[in-house]
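If you read the protein sequences in the order shown, they are chains A and B.
Everything in the first sequence is counted per our numbering, starting at 8 for the first residue and increasing by one.
Everything in the second sequence is counted per our numbering, starting at 303 for the first residue and increasing by one.
Every residue, glycine too, gets a C-beta built ideally from N, C-alpha and C.
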Amino acid sequence: MSITDKAAAEYDYEHLPATSPIGAPLDWKWLRGAKSEWGVHPKPGPRGLTMLDIAVGSYGDVPDNPPHRSMAPRGADVDPDTPDMGYILNKKSDVWAENVRELYEEAVARQWSATRDIPWTELPELSNDLEHAMCQVCTTLTEVEMIAADLPAKWMWRMNHDFIEAKMFLCTQIMDEARHAEVFRKRALANGGGLLMSRGQSEGLLRTILEAKTYHQATALMHLLGEGFILDIFRMGELISPSPVEKRMFRMAMQDEARHVAYGTMHIRYAIDKDPDIAEEIHEALDHGEVVLTQFGTNQDFGSALAVLLAGGVEHVEDKGFPLQMELQKKQFTSYLARCERAGISRLHRTKLPLELLGIDPDTVLAN
Amino acid sequence: MQIDTASFFEALADEMNAHPDTFRVLGEGDMVAALVMRRASGDWAVRLCFEGLRCEGASEVAADEAHLADFYLDGPFEAWQAMFADICEHGSASGRQTINSLALLSTDIRLRGDDPMGVDKFSRFNQTLQEYLDGAARIAVVAG
């Protein structure tokens, strides 16, 4: 029922003033005649009132093609002369993912603090090689993490405001990435080391992601490819961490990163389901992105620093570090290819990743 | 500790549910996980349902039904024993005995699942699952 019917029938709003005390005109439309749905009364669940709980009635309907291009909240009674904000992502399939509300709530519930939740006082003194290796890894991670904040920021103001839940989720991602940049920068400095080498391969990857021509391409490059690979590096974090401080840092970052990957995978799935023609556009981006990512993965600083940490020092980098690193790279590649399948964009026989070099048979990737 | 029993995992659930503040720091988590223990005497599996800050169910299932969970962790009984022994010895999983490290190396325990999105919940809620498993150290103390 609209407020108009009920208000007119039951309440007396006829004698309200026509102007404010300073003479501004008043029309009381919000009280007398808004067409918005009234009385939906969502019920809080055990954890409070979530975005899923309030997706009720007309407020839960996300239009495939919103009629407005303003910042008016979806479900509000929008004036016809509301200005166009210049959005270019105006189809639901441009940005939506079926799990986006759930992911937003999860992100809010699982925030943590790089200042408070890492046991910084427990950092032990490390050997020179391990401290340098950890600082190098943290330098590279500080450099690459902010791309996953810059990229959504670049696109969010172009997204139609009716897709508010997707924009809200991307806001949490931006906060997550700020925290990741913070925690890795802090670790690089906290134990008497510092920030080490930054080289072109990292920047090449970041530029490729940032300059993607469409949001579909951007999210495929960032969420599916880039963050998918970084997620596996964070998973590896426990193995490379010399102390509980780094372990905690990687464990917490891993949980955040997995949410971002979950959004990207399901967004691409949704987009391809709605418009199969965009698959080729995504493939083209990944054809290029995988080549650049391979260059990043073979970065002479980051890769060797990881191998030193995996080996527990430079002494065993060849007999322990590199072999273990190769095993873990296999996992990165196969996890990524499995996610691509889930996203509806099979890369098994098109990928530019060096599967042969790692002895990966694309026909057995999905055999689990 | 008899780890291949539903009562053991129910006790871990009770331990989790009795300490919501420990889990509130990590935030709510929603996942269904299964653990499969391969034994010479026959495989054994348990299904764990996590909702919010609680473990709402721990029940024995057939090992061939483990794939119905979001993800499942599959390994020889001895590997699970070693993991819980480490937890009890150190108060929480240490070194390469954390569930993430074990699953990453896949030498003993493998992370599996039908849907990569389900499998990724292992990473999304990893510390909730780890804290749940670490409860073994506390219930072992209580059990004396």
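{"Asked": "Status (buried if at least 16 other CB within 10 Å, exposed otherwise) for E150(A)", "Found": "buried"}
{"Asked": "Proximity below 8 Å, CB of Q429(B) to CB of R357(A)", "Found": "no"}
{"Asked": "Beta-carbon proximity list for V268(A), same chain, < 8 Å, skipping 5 on both sides", "Found": "H230, L231, E234, G235, L238 and R346"}
{"Asked": "Closer than 8 Å at the beta carbon, the chain B residues around M273(A)", "Found": "M419"}
{"Asked": "Coil, strand or helix - A286(A) by DSSP", "Found": "helix"}
{"Asked": "Burial state of P159(A), where buried means 16 or more other Cβ atoms lie within 10 Å", "Found": "buried"}
{"Asked": "C-beta atoms of M2(A) and R76(A) nearer than 8 Å", "Found": "As displayed, chain A neither begins before 8 nor continues past 375, which places residue 2(A) out of reach and without an answer."}
{"Asked": "Backbone secondary structure at G328(A) - three-state DSSP", "Found": "helix"}
{"Asked": "Buried or exposed by the 16-neighbour rule on C-beta atoms within 10 Å, applied to G55(A)", "Found": "exposed"}
{"Asked": "Burial state of A364(B) (16 or more Cβ within 10 Å)", "Found": "exposed"}
{"Asked": "N402(B) vs E253(A) beta-carbon contact at 8 Å", "Found": "no"}
{"Asked": "Strand pairing of S361(B), partner residues [DSSP]", "Found": "R349(B)"}
{"Asked": "Inter-residue spacing [alpha-carbon to alpha-carbon] between S309(B) and D332(B)", "Found": "22 Å"}
{"Asked": "For P249(A), three-class secondary structure by DSSP", "Found": "coil"}
{"Asked": "Cβ-Cβ separation, I171(A) to R81(A) (assumed contact under 8 Å), whole Å", "Found": "6 Å"}
{"Asked": "A227(A) - DSSP class collapsed to helix/strand/coil", "Found": "helix"}
{"Asked": "Rounded straight-line distance, which links the Cα of I305(B) to that of V338(B)", "Found": "11 Å"}
{"Asked": "Nearest candidate by alpha-carbon position, reference L217(A), set E184(A), G319(A), D169(A) and K161(A)", "Found": "K161(A)"}
{"Asked": "C-beta neighbour in chain A for S403(B), strict 8 Å", "Found": "yes"}
{"Asked": "Burial state of I10(A), where buried means 16 or more other Cβ atoms lie within 10 Å", "Found": "Confidence is the limiting factor: at I10(A) the pLDDT is only 49, short of 50, which leaves the residue's position unreliable, though a coordinate-based value still follows. Its Cβ being crowded by 16 or more others within 10 Å, I10(A) is buried."}
{"Asked": "Contacts that S425(B) makes with chain A (C-beta to C-beta distance below 7 Å)", "Found": "L238, R242, M261, Q262 and A265"}
{"Asked": "Per-residue burial, W37(A) [other beta carbons within 10 Å of its own, 16 or more giving buried]", "Found": "exposed"}
{"Asked": "Nearest-angstrom Cα separation, counted from T272(A) out to N72(A)", "Found": "22 Å"}
{"Asked": "Presumed contact (8 Å Cβ cut-off) between V63(A) and P49(A), rounded CB distance", "Found": "5 Å"}
{"Asked": "Interface residues of the stretch 34–67 of chain A facing chain B [CB-CB below 7 Å]", "Found": "P53 and R54"}
{"Asked": "Limits of the alpha helix (DSSP H) - the one that L110(A) falls within", "Found": "V107 to A116"}
{"Asked": "Contact with chain B by E245(A), beta-carbon distance below 8 Å", "Found": "yes"}
{"Asked": "Cβ neighbours of N319(B) in the same chain (closer than 6 Å, five flanking residues each side left out)", "Found": "R356"}
{"Asked": "Same chain, Cβ closer than 6 Å to R414(B), neighbours up to 5 away in sequence not counted", "Found": "Y374 and D376"}
{"Asked": "Exposure of K99(A), with buried meaning 16 or more beta-carbon neighbours within 10 Å", "Found": "buried"}
{"Asked": "Beta-bridge pairing of Y374(B) - partner residues as DSSP gives them", "Found": "A336(B) and R414(B)"}
{"Asked": "Expected contact under 8 Å - CB spacing of Q262(A) and S396(B) to nearest Å", "Found": "About 20 Å; that fails the 8 Å criterion."}
{"Asked": "A31(A) CB to nearest heavy atom of the ligand FAD below 7 Å", "Found": "For the ligand FAD, the structure offers nothing, since it holds no ligand at all."}
{"Asked": "From H223(A), L300(A), F303(A) and Q307(A), residue whose alpha carbon lies closest to that of N283(A)", "Found": "Note on residue identity: the sequence assigns Pro, not Asn, to residue 283(A). Ranking H223(A), L300(A), F303(A) and Q307(A) by Cα distance to P283(A) puts H223(A) first."}
{"Asked": "Assumed close pair G304(A), G310(A) - CB separation to whole angstroms, cut-off 8 Å", "Found": "7 Å"}
{"Asked": "Rounded straight-line distance, which links the Cα of K338(A) to that of P369(A)", "Found": "13 Å"}
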